[in-house]
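Here is the structure we will look at, set down as structure tokens.
Chains as they are written, first to last, in this note's numbering: chain A, 91 to 464; chain B, 26 to 323.
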């Protein structure tokens, strides 16, 4: 319990008001006929005793003022919230209603942004499952149990195993993997320029086949440009023609065999450690230098059996494992900083209390016996 | 104004009064036949004495049995019983308006009126004459003495019209009282006895051979002083006020009041005035019982 506006407690000083009014009342001494006055001797003046008449009314009035002061101070509960009922989330793709069956009255939610209840239609998945789980973990108050139903081959994984601040009941459900996810990025396509030598064509075709298992598209005719996403291959020491230069500037990729400037970063090294593929940024595109030329006879580094794979990794980065066994990806519990519980406002309850006290005060103040006395 | 209901005596009160008699201490000497001892001897019921026959005595007064025994003529004399005049003197000054806090409707005046009604009833039973002297700030209101039920109604009417007002009047205004109340009359003063002038008047009347009795009517508040909180006490006659804390001044007051009552009693006794106290929370006949109970003389 804390106060969001502790200065509001200064209003407690107002409690002095009814007290002072009560005590500062002039006690009316009604004249009392007393014929034997001559035998009275009043050397003692009437003592001003602190006397509380109507103390229930006074008490209620003080309580009312105190409640108002506390209301001004905006009290809020900060302690751990009362243990919320366990949360059950179901990853989209599972039949949540069938899973819930008839048992359980606690609401089930989709593991989707905003965590709608499962009575609502299956939401469109825009975030990955681990990200949603982390968000949910951060949002739920500490101590709330969490049950997660996931499909068994788990897709959309990210590189790290999930770490959450709580132990999670992880319920995998075997689900047939749907048609190969297009997630794997398509391998690049090499496009040779018109007039490449036969060894270069052969090597390029071999690499292409190793990547795609398909025949390489025909060489570009005349001054044609490679398509978007394709890597143009410009063999020979001749400089790039103007339209190729512009295409490169606008984001194209061109593989050349001219030596690269010394500062160019190395993407791939030969077995001996010397650079094999270097990259140079040109405009928005990149110029790839294959050190040693594209001729296999001249450049023995091109004869490496794993070159196509290495080359592809160098060009596109390591393909990540995005599908995995759900049991292996059960979240582990990590001591993360506990989510700070949001202070819960209890102003409404206080307002109700104030109203109640006001009612009692009015009732006491207008009690028939009090009216009679007045 | 005395409540008419308090003047009508309850049957049981009337029954208790029947056992009482208003008896003066000194024998009166009036003519007529009444219930009171008189100094005149003669024919009557109560035997007084024998005396030697004198010429002129009626022959039927001679006690013939005694003559047979003694061979002399003796005349048998009885006491003649005569009526007296009972005067009711009411002190209806402003202090008579005081009432107990516990019973605000019953003022001292009501109690005095009821005592007067009791005394009227007694006088009526005895065939005595009775009159009323009501003294208030306005002076003296007087009902001349008389007999019978109509006289009682006259007295009641006067009592009913009585208003407590003012202080004790000056002595000149009370002069008619001296003309009316004759020596030997019974004067029953009913009042609080707080006025010095009243006591002086009673003493003068007593020393002038009037049979004076004071019924001091006091409130229970004056006896118990049940005030705890602060009060503004006010003397109704002088208007003097006094602010005091009830609990703090009670002991002192009770002591002084008791001493004053004792002193007053001693003084009245010395002046030959019988006295009794009637408390407002007691039945009125209790005080009369104290004065005239046990079949007789105070």
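We put the beta carbon where it would ideally sit given N, CA and C, even for glycine.
None of the values given here were measured: they were computed from a predicted structure.
Check	Outcome
Taking just the CA atoms, how far does residue 39 of chain B sit from residue 27 of chain B?	19 Å
Considering only the alpha carbon of each residue, which of B/289, B/220, B/210, B/278 lies closest to residue 110 of chain B?	B/210
May I ask you to verify whether the region 272-291 of chain B touches the region 113-130 of chain A, counting CB pairs closer than 8 Å and requiring at least 3?	yes
Rounded to whole angstroms, what's the CA-CA distance from residue 331 of chain A to residue 302 of chain A? Just pull it up for me.	29 Å
What does residue 285 of chain B reach in chain D if we use C-beta pairs closer than 7 Å?	Chain labels in this structure do not include chain D; the protein chains are A and B.
Residues in the same chain with beta-carbon distance under 6 Å from residue 373 of chain A, minus the five sequence neighbours each way, listed in chain order, please.	339
Is it right to say residue 353 of chain A is buried, meaning 16 or more other beta carbons lie within 10 angstroms of its own, or is it exposed?	exposed
For residue 270 of chain A, which three-state DSSP category applies?	Model confidence at residue 270 of chain A stands at a pLDDT of 44, short of 50, so the residue's coordinates are unreliable; what they give is reported in the following sentence. Here residue 270 of chain A sits in coil by DSSP.
Would you mind telling me which residues of chain A sit closer than 8 Å to residue 123 of chain B, beta carbon to beta carbon, in chain order?	123, 124, 125
Quick one: using the 10 Å Cβ neighbour count with 16 as the cut-off for buried, is residue 232 of chain B buried or exposed?	exposed
Ignoring anything shorter than 3 residues or poking outside the region 92-161 of chain A, list the beta strand (DSSP E) runs there in chain order.	121-123
In this structure, how does DSSP classify residue 278 of chain B when only helix, strand and coil are distinguished?	helix
Based on Cα-Cα distance, which residue from A/356, A/349, A/404, A/107 lies nearest to residue 383 of chain A?	A/349
Out of A/164, A/122, A/119, A/225, which one is the CA nearest neighbour of residue 96 of chain A?	A/164
Do the region 255-274 of chain B and the region 198-214 of chain B meet, that is, are 3 or more Cβ pairs less than 8 Å apart?	no
Can you give me the C-alpha to C-alpha distance between residue 93 of chain A and residue 114 of chain A, rounded to a whole angstrom?	33 Å
Quick check on the DSSP output: what are the complete beta strand (DSSP E) runs of length 3 or more inside the region 178-210 of chain B, in order along the chain?	none
What's the gap between the Cα of residue 30 of chain B and the Cα of residue 156 of chain A?	58 Å
Is residue 120 of chain A close to chain B? Criterion is C-beta to C-beta, closer than 8 Å.	yes
Could you pull the DSSP bridge partners for residue 322 of chain A from this structure?	A/281, A/344
Assuming contact is defined by CB atoms lying nearer than 8 Å, are residue 248 of chain A and residue 220 of chain A in contact in what I supplied?	yes
Would residue 266 of chain B pass as an interface residue toward chain A - the criterion being a Cβ-Cβ separation below 8 Å?	yes
Within the same chain, show all residues whose beta-carbon is closer than 6 Å to that of residue 48 of chain A, passing over the 5 residues directly before and after it, in chain order.	Any question about residue 48 of chain A goes unanswered here, given that chain A covers just 91 to 464.
So, does the CB of residue 103 of chain B fall closer than 8 Å to a CB anywhere in chain A?	no
Got a sec: which bits of the region 120-148 of chain B sit with their beta carbon under 7 Å from any beta carbon on chain A, in order along the chain?	120, 122, 123
Distance, Cα to Cα, residue 240 of chain B vs residue 270 of chain B?	31 Å
Applying the criterion that 16 or more other CB atoms from any shown protein chain within 10 Å of the CB defines a buried residue, is residue 44 of chain B buried or exposed?	exposed
Alpha carbon to alpha carbon, what distance is there between residue 358 of chain A and residue 391 of chain A?	11 Å
Indicate whether residue 301 of chain B and residue 287 of chain B have their beta-carbon atoms separated by less than 8 Å.	no
Quick one: is residue 194 of chain B near chain A, going by C-beta distance under 8 Å?	no
In whole angstroms, what is the alpha-carbon distance linking residue 54 of chain B and residue 163 of chain B?	Unreliable positioning characterises residue 54 of chain B in this predicted model, as indicated by a pLDDT of 49, which lies under 50. The coordinate reading is nonetheless provided below. Residue 54 of chain B and residue 163 of chain B: Cα-Cα distance of roughly 34 Å.
Could you spell out the range, first to last residue, of the beta strand (DSSP E) harbouring residue 237 of chain A?	236-241
Going straight from the alpha carbon of residue 458 of chain A to that of residue 222 of chain B, what length do you get?	49 Å
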